[in-house]
Amino acid sequence: MKRLLVVATILCTVVLIIPAVLVVFLSDPADSTTTVTRTITLEEAEEQFSYNPEDDVAVSVFRTGSEQLEDTPLERYVMGVVASEMHANFEIEALKAQALTARTYVVRHILQPNKEKLPEGAMVTDTTDHQVYKNEEELRELWGSDYEQNMARIQEAVLSTQGQVLTYEGEPIDASFFSTSNGYTENSEDYWGDEIPYLRSVESPWDQVSPRFTSETSVTVSEFQEKLGVTLPEDGSVGTILERTEGGRVAKVIINGKELTGRVVREKLALDSSDFQWQRQGEQITIQTRGWGHGVGMSQFGADGMAKEGSNYTDIIHHYYKGVEIQPVEPFVSEMLAKAE
1 MKRLLVVATI LCTVVLIIPA VLVVFLSDPA DSTTTVTRTI TLEEAEEQFS YNPEDDVAVS
61 VFRTGSEQLE DTPLERYVMG VVASEMHANF EIEALKAQAL TARTYVVRHI LQPNKEKLPE
121 GAMVTDTTDH QVYKNEEELR ELWGSDYEQN MARIQEAVLS TQGQVLTYEG EPIDASFFST
181 SNGYTENSED YWGDEIPYLR SVESPWDQVS PRFTSETSVT VSEFQEKLGV TLPEDGSVGT
241 ILERTEGGRV AKVIINGKEL TGRVVREKLA LDSSDFQWQR QGEQITIQTR GWGHGVGMSQ
301 FGADGMAKEG SNYTDIIHHY YKGVEIQPVE PFVSEMLAKA E
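When the sequence shown is numbered by UniProt numbering, its final residue is 341 and no position is left out of the sequence of numbers.
What follows is the structure, encoded as structure tokens:
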């Protein structure tokens, strides 16, 4: 009898364990918490997301290298921007947020072009004057054997948000972004002068993992004086930081009686950020910075940090852009087409 009980117990255990094992090995990978890199091709992605480039608005990009115009469908253009402006190995939700900013930026720029003179027929350039853009051929050369893997992630981010733009009071926003904050983003008026209601200073503590969160550079006294148009005091000091912004960056400094903004100092000295400190040692001035970029809008490393903590792209967008909505691009397409004619 005891043997029969033992055998029965073993059989019951096997019956219970085998289905559980099958569930473990046959369950849908989508139910797993492990991040899986997609390796679908461009054609498969376009089919999966019902994307037909022929139905898309064309963006005319001035290629600064060749000095030629390149017309590319809107979503393909956004792919080229996301691939050029954000690391392809960032979290997919951060890449989606970047896709939204890139698409919104170009739509707004087409509808409300800046005053700068562009080559005839061009809507944007491929530089940081607008958004950095690389086409497929350039990305293949840049990424080499990693092209398929990297592009699969970019495609997913762009095509899963295709046709979406950010608006404020019904109009596409100025979707500015930058690499790394100093822990906070900047109010628009504290860097650019214009107060924009959706570009407010917010906390961004995730940026500390960025390789450019802190930086240090040295310039000679003569170079410092020449670039800033100042004469340093004879007591061996540099200048006094008079005021900082809500985002912790330098608002105003005074150097031997001459007042300058933190933005001017940053741009004239090519500093990573306008959050800086300085020390003078003989004929050298050492400057430490925190953050990388102008600090207004979405922090890319902040977006990646939020995604790593479980935030989706809409969470990221609403953290960095206050009071905005995500809406279809269709209402703006006819006006965009008219501008392109």
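Just so you know, even glycine gets a beta-carbon here, dropped at the ideal spot from N, CA and C.
So, residue i versus residue j, is the Cβ gap smaller than 7 Å?
i           : j    : result
F224        : I285 : yes
K252        : L242 : yes
R249        : S215 : no
V78         : Q98  : no
T220        : E283 : yes
L74         : V57  : yes
Q164        : L100 : yes
residue 344 : F90  : Here the chain covers residues 1 to 341 and nothing more, so residue 344 does not appear.
G302        : Y198 : no
V296        : S176 : yes
T236        : I254 : Per the sequence presented here, residue 236 reads as Gly, with Thr not at that position. No, Cβ-Cβ distance for G236 and I254 is not below 7 Å.
V107        : F332 : yes
L118        : A157 : no
Please report the straight-line C-alpha distance between residue i and residue j, rounded to a whole angstrom.
i           : j    : result
Q208        : D272 : 15 Å
H319        : M298 : 8 Å
E93         : L159 : 13 Å
H294        : F178 : 7 Å
W143        : L166 : 30 Å
T261        : Y51  : 47 Å
D80         : S204 : The sequence shown places Gly at residue 80, rather than the Asp named in the question. Rounded to whole angstroms, G80 to S204 spans 26 Å at the Cα level.
R280        : E169 : 49 Å
R266        : T104 : 27 Å
G257        : N187 : 27 Å
Q277        : R244 : 12 Å
Q300        : P328 : 23 Å
W206        : N312 : 15 Å
residue 342 : E309 : Only positions 1 to 341 of the chain appear in this structure, which leaves residue 342 out of reach.
S222        : F213 : 28 Å
P113        : M306 : 32 Å
E246        : S145 : 44 Å
S84         : V124 : 15 Å
E325        : S210 : 29 Å
R290        : S334 : 43 Å
P233        : W292 : 29 Å
Y321        : I196 : 10 Å
How about residue i: is its Cβ closer than 6 Å to a heavy atom in the ligand GDP?
i    : result
Y168 : Absence of the ligand GDP from the depicted structure is noted, as is the absence of any ligand whatsoever, leaving it without description.
May I ask you to list the residues that DSSP assigns as paired with residue i?
i    : result
I173 : In DSSP, I173 forms no bridge with anything.
F178 : S299
L166 : I326
V250 : R244
Q225 : According to DSSP, Q225 bridges with nothing at all.
Under 8 Å, with one C-beta from each stretch per pair, do the stretch 176-192 and the stretch 330-338 reach the 3-pair mark? no
Validate contact between the stretch 67-81 and the stretch 133-147 using beta carbons, cut 8 Å, 3 pairs: yes
Are the stretch 259-273 and the stretch 150-170 touching, with three or more C-beta to C-beta distances below 8 Å? no
How about the stretch 118-130 and the stretch 185-201: do they share at least three Cβ pairs that are nearer than 8 Å? Short answer: they don't touch.
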